[in-house]
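This report refers to the structure that appears directly beneath it.
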Amino acid sequence: MYGSSQFDGSAAAFMGGGFMPTQTAHPPSDSSSISKNREARCLFPLTVKQISNLASNNESNFIIDGAEVNNVTIVGRVSHKEDKASEYTFLVDDGTGQIECTKWVQESLDTEQMGEILVGMYVRVHGHLRGLQGRRFLNVFSIRPVTDFNEIPGHFIECIYVHFYNTRLQVLVYLLQ
């Protein structure tokens with residue numbers, strides 16, 4: 001009924017959906033090289049503290065655990081919201097810090113979606129990480145309210161899992177050399 005690979009400790013149940021690294025990911029050939037192939041296009045689950053501590057070689061290339069980070073997902077509480085004609089700016093606080101997020105209005109659907117988001121509400125945000133003059137912020141392409149509060153600790157667990165997965169991969173590369 002169950003394959004042996006389901007319970008072998010490989011965390012295969014958490015793989016898939018395009019958000020988590022797969023078991024078929026190969027370690028980079030050089031431990032100091034930045035993985036630019038698939039990881040650069042992945043959606044990294046991060047905390048605001050991890051975002052503020054990201055290494056950066058310029059204002060647009062951010063690196064965590066040896067992988068380039070462009071798109072991130074965070075979960076937190078909206079602590080401030082400002083509506084403008086062409087954009088919505090809001091602060092998301094996840095308990096580790098606050099980050100400024102900007103959602104550009106492109107369609108009437110964006111206006112309706114942002115009208116549902118209120119200060120004090122927990123949200124999941126998907127966005128493109130940007131930096132300017134030492135500040136980090138997100139250009140949001142998706143925001144939705146959290147309806148199941150298990151999603152909040154689940155997000156933190158996912159952040160921990162991805163961090164350990166990537167750092168363990170670097171240790172394996174070092175040991176295999």
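With the first letter of the sequence shown counted as 1, position 87 gets the number 87 in the UniProt record's numbering; the numbers rise by one all the way through.
All C-beta atoms, glycine included, are put in the ideal place defined by N, C-alpha and C.
- Message: Going by C-alpha to C-alpha distance, which of T102, S86, E87, R77 sits closest to D93?
- Response: If we check each option's Cα against that of D93, R77 comes out closest.
- Message: Here's the rule: buried if 16 or more other CB atoms are within 10 angstroms of the residue's CB, otherwise exposed. What is Q133?
- Response: exposed
- Residue from Y88, T73, D148 with nearest C-alpha to M114: Y88
- Please report how far the alpha carbon of T167 lies from the alpha carbon of D65, in whole angstroms. 6 Å
- Of the listed residues G131, Y161, V72, G97, nearest to S79 (C-alpha basis): G97
- Got a sec, what are the start and stop residues for the alpha helix (DSSP H) V173 sits in? 151-176
- Three-state secondary structure assigned by DSSP to L109: helix
- Message: Which of the three DSSP states is assigned to S31 in this structure?
- Response: Only weak support exists for where S31 lies, its pLDDT of 42 falling under 50; the coordinates are left without a value.
- Assign V171 to one of two classes, buried (16 or more other C-beta atoms within 10 Å of its C-beta) or exposed (fewer than that). exposed
- Query: V48 by DSSP, collapsed to three states: which one?
  - Reply: helix
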